[in-house]
Amino acid sequence: MARPKISVVIIGKNEERNVTDCLKSVDGWADQIVFVDDFSADRTVELVNQFSRVKVVQRAMEQEGRHRNFGAAQADHDWIMILDCDERATPELLAEIDTLFETRDDRAVAFWVPRKNYIGDYWLRHGGWYPAPHMKLYNRKFFRWKESVYDVVHPGMEFTQPGYRQGPNLSNHLIHHNYKNVEDFIRKTNRLTTLDGIKWYLDGRNMGMGRAFRRTVDRFLRRYVRKEGWKDGYYGFITAVLSGFYELAAYSKLREIRQRGYYLKECGITDEMLAEAPLFAEPSRWRKFMTAVKATPKSWKAAWRNVQGKRCEAEVDILGRLVGPEGVCVDAGGAYGRTMYALAKSARRGRVLGFEPVRFNMSVLKQVKAIFLLNNVTLHKLALGRKSGKIYAVSPVKTTGKVGYALSYLSPKVIPNTECERVDVVTLDGFLEERPLDRLDILICDTEGSELAVLQGAAQTIDKFRPVVMASVEDYRLQRCGDNQSGVAEFFRDKGYGFYSLQDGRLTFVQELKEEANYFFLPEEKSADIIARLNPSAAA
């Protein structure tokens with residue numbers, strides 16, 4: 022069978038240093054060349070236009086697999102050879118492709134091509150750098166790149182019709198000028214680790230510092246020892262070290278994405294892409310086992326109650342409906358995590374910041390977070406108050422002799438016949454000054470008496486974001502800190518907030534804070550929309 026017509030698809034952005042040599046390597050051999058430009062800011066397009074047979078199309082790349090499929094769709098022929106700008110096709114490879122179809126099995130529609138990888142002018146022969154084959158030649162009628170939202174880099178592949186398969190790897194190779202020098206290696210590592218961090222975040226991958234450290238060491242040893250990178254001398258060692266560092270850098274960025282939301286907007290991750298991504302991964306059997314081993318009976322009990330909805334105030338359901346999928350919430354006084362759980366499940370693409378000063382309660386919260394893989398929750402063993410410093414967290418002892426950790430409160434001094442713990446206290450304003458947020462939708466204060474202190478320490482944050490606030494307002498507990506219901510009411514009136522309580526499952530406006538209960542405080546400019554959303558029949 023004679024060689025069918027082949028379209029070469031080249032993808033690039035700001036590649037004026039590489040694009041000319043890449044085009045020269047296939048010009049005259051390819052039946053068509055398509056260049057997909059990601060809106061280059063340098064002379065890339067100008068240089069490409071010097072080749073009269075090249076078809077230039079421009080498209081912003083938001084996801085690599087989709088971008089490659091777009092390029093293949095612009096071609097006139099079904100057989101596609103896809104190249105990056107830093108790759109060069111050798112005459113030997115092109116000659117092999119010319120004869121490939123004489124003996125090809127009709128069911129083999131995709132072929133991997135070896136690559137000679139270079140750093141500068143040095144060919145990396147060992148350390149896993151050669152032959153390192155990549156999918157480069159395929160028939161677009163039977164093969165495509167996966168467009169999964171979390172494959173922002175290194176997309177997967179799939180055959181679109183049953184019975185078709187990959188053919189044998191080709192013998193001859195591409196020349197791949199990976200890196201101009203070590204600086205270029207580090208620059209590309211920085212970019213790719215960001216993309217991998219986003220990819221891991223979107224597919225819900227779970228990775229802690231221990232695993233990141235093991236992967237870092239393993240990748241270095243694999244490259245340098247098992248795959249004999251040491252035979253490449255200086256460059257063998259440097260590339261092995263930087264390859265190991267790749268894992269640690271990607272993990273560090275994954276952690277920043279989860280805790281701070283970094284990199285997503287800069288890399289073009291849209292709300293639609295986040296909506297398609299799972300974000301919460303199914304835990305492995307080992308993860309489930311280790312979580313069970315480390316969990317305490319108390320945390321299992323709390324976790325089970327979270328699932329069943331037991332011992333959850335009716336207000337928790339309202340909170341779950343108030344927060345959107347991208348919502349950001351602060352939960353002061355997390356106790357056993359019932360509110361935290363509801364918020365995290367509702368704001369699955371948002372964030373929940375939990376503040377809990379009591380050591381035992383924090384251990385329970387960590388286990389609830391681990392059991393349910395609440396990756397959008399960040400826990401802080403801190404108390405919130407009106408000023409920063411030190412204070413005692415006091416846990417009363419019940420008549421049964423058990424410690425009431427869920428009833429813990431703050432006190433400037435040790436209280437006899439209780440369990441006291443010296444803890445750090447910060448203001449929410451001060452905390453967020455060092456760790457700024459883009460938004461805050463809900464603020465919860467259930468701190469067994471220090472609610473007004475928390476609110477006063479968050480005054481600037483409330484003015485800036487105008488969040489919905491839910492606070493437990495009970496006079497006999499507020500008096501522990503020298504406060505009362507009138508002080509809470511005055512604080513919110515000054516801020517332009519209205520008072521609401523939950524009555525028969527509906528938020529109802531109240532004039533005064535009289536009952537000992539949980540109250541919702543809504544900013545006046547948002548209250549009508551919120552009430553209409555929660556109480557549809559009251560929209561009028």
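Each residue of the sequence shown is one higher than the one before, starting from 22 at the first, in my numbering.
Ideal Cβ positions, reconstructed from N, Cα and C, are used throughout, including at glycine.
Contact check for L464 and P437: beta-carbon distance about 33 Å, past the 8 Å limit, so the pair fails to qualify.
Scanning its chain for C-beta atoms nearer than 8 Å, with the 5 sequence neighbours on each side dropped, one finds around S416 the residues V379, F381, V424, G425, Y426, L428, S429, T439, E440, C441, E442, in chain order. Look at T529 here: in three-state DSSP terms it is strand. In the DSSP assignment, Q53 is bridged to S28.
Around D217, the same chain offers V174, A271 as residues with beta carbons nearer than 7 Å, after the five sequence neighbours per side are excluded. Between Y151 and N138, the gap from beta carbon to beta carbon is short of 8 Å.
With a cutoff of 8 Å on beta-carbon distance, G375 and D352 are scored as near each other. Residue burial annotation: Y518 is buried, with at least 16 other C-beta atoms found within 10 angstroms of its C-beta. In this structure, the beta-carbon distance from T482 to D450 falls below 8 Å. Here M361 carries a helix assignment [DSSP, helix/strand/coil]. For T210, the three-state secondary structure derived from DSSP is helix. In the DSSP assignment, F512 falls outside any beta strand (DSSP E) and within the unbroken alpha helix (DSSP H) covering 506-516. Exclusion of the five residues before and after V75 leaves I54, F56, V69 as the residues of its chain whose Cβ lies within less than 6 Å of its Cβ. In chain order, G184, Y185, R186 place their CB closer than 7 Å to the CB of R128, counting only its own chain and leaving out the 5 sequence neighbours on each side. In this structure, L543 lies away from F512, with their beta-carbon atoms at least 8 Å apart. Excluding residues up to 5 positions away in sequence, G470, N505 lie with their Cβ nearer than 6 Å to the Cβ of L499 in the same chain.
Per DSSP, the continuous beta strand (DSSP E) segment holding Y139 begins and ends at 136-140. Residue pairing by DSSP places A110 opposite L195 in a beta bridge. In this structure, the straight-line span from the alpha carbon of L405 to that of T448 is close to 5 Å. Apart from the 5 residues on each side of it in sequence, M156 sits with its Cβ closer than 7 Å to the Cβ of A131, W133, M178 in its chain, given in chain order.
Note: T399 is bridge-paired with L374 in the DSSP secondary-structure output. In this structure the segment 106-125 touches the segment 29-48; the number of beta carbon pairs closer than 8 Å is three or more. Here DSSP, grouped into helix, strand and coil, assigns I392 to helix. Taking 8 Å as the cut-off, the beta carbon of G92 is found no closer than this to the beta carbon of P176.
Judged by DSSP secondary structure, M491 falls within the beta strand (DSSP E) whose first and last residues are 489-494. CA-CA distance, V29 to P135, rounds to 17 Å. Judged by their CB atoms, V78 and V66 are not nearer to each other than the 8 Å cut-off. Leaving aside the five residues that flank G410 on each side, the residues in its chain whose CB is nearer than 7 Å to its CB run, in chain order, V446. Annotation: the continuous beta strand (DSSP E) that includes F180 extends over 178-180. Straight-line spacing of the CA atoms in K201 and I140 works out to 6 Å.
Secondary structure at L405: strand, using DSSP grouped into helix, strand and coil. Nearest to K162 by alpha-carbon distance, out of V509, H147, F180, P154, is F180. Unbroken alpha helix (DSSP H) stretches of 4 residues or longer found wholly inside the segment 400-460: 449-455, given in chain order. Relative to L528, the option among D338, P433, A479, D205 whose CA is nearest is D338. If you compare the alpha carbons of D58, D42, G254 with that of H147, the shortest gap goes to G254.
Per DSSP, the continuous alpha helix (DSSP H) segment holding A480 begins and ends at 480-486.
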